[in-house]
Amino acid sequence: MKLLKTIFLFQKKIIFLAYFISIIIGIIFGLKLNVIGISFFTILPLLHYFFYDIKDKSEYYYYYNLGVSRNKLWLSTLVTGTINFLILVLI
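Numbering (our numbering), first residue to last: 381 to 471.
Next comes the structure, spelled out in structure tokens:
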């Protein structure tokens, strides 16, 4: 449970912005859910890279001290993106 709370705290910073950008892209391309899913699948890892690898690289230490490695955080981003992609494409 502690791991899930930590991952949610990590994802909270980027997931809402990724949804917002994906919905804007979906509106531009005709409000299709599969376009929103594909754009979310690509935008979420890009935002992760920008916010945590370029902008706030030292924030990884905070999550490492909570017991979550950088690889687990990247895996959580990819899993979150994949799950949302599958849900939006299969609807």
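For every residue, glycine included, the Cβ atom is placed at its ideal position computed from N, Cα and C.
Residue span of the alpha helix (DSSP H) that contains residue i, given as start and end
{"i": "F420", "result": "L413 to H428"}
{"i": "Y432", "result": "Counting along the chain, Y432 falls outside any alpha helix (DSSP H), and DSSP gives it neither H nor E."}
{"i": "V459", "result": "R450 to L470"}
{"i": "G406", "result": "K382 to I408"}
CB of residue i within 8 Å of CB of residue j, strictly
{"i": "S402", "j": "I423", "result": "yes"}
{"i": "H428", "j": "T386", "result": "no"}
For residue j and residue i, the rounded distance between their alpha carbons
{"i": "F421", "j": "N464", "result": "7 Å"}
{"i": "G447", "j": "S419", "result": "31 Å"}
{"i": "F409", "j": "V459", "result": "25 Å"}
Under the three-state DSSP convention, the category residue i falls into
{"i": "L446", "result": "coil"}
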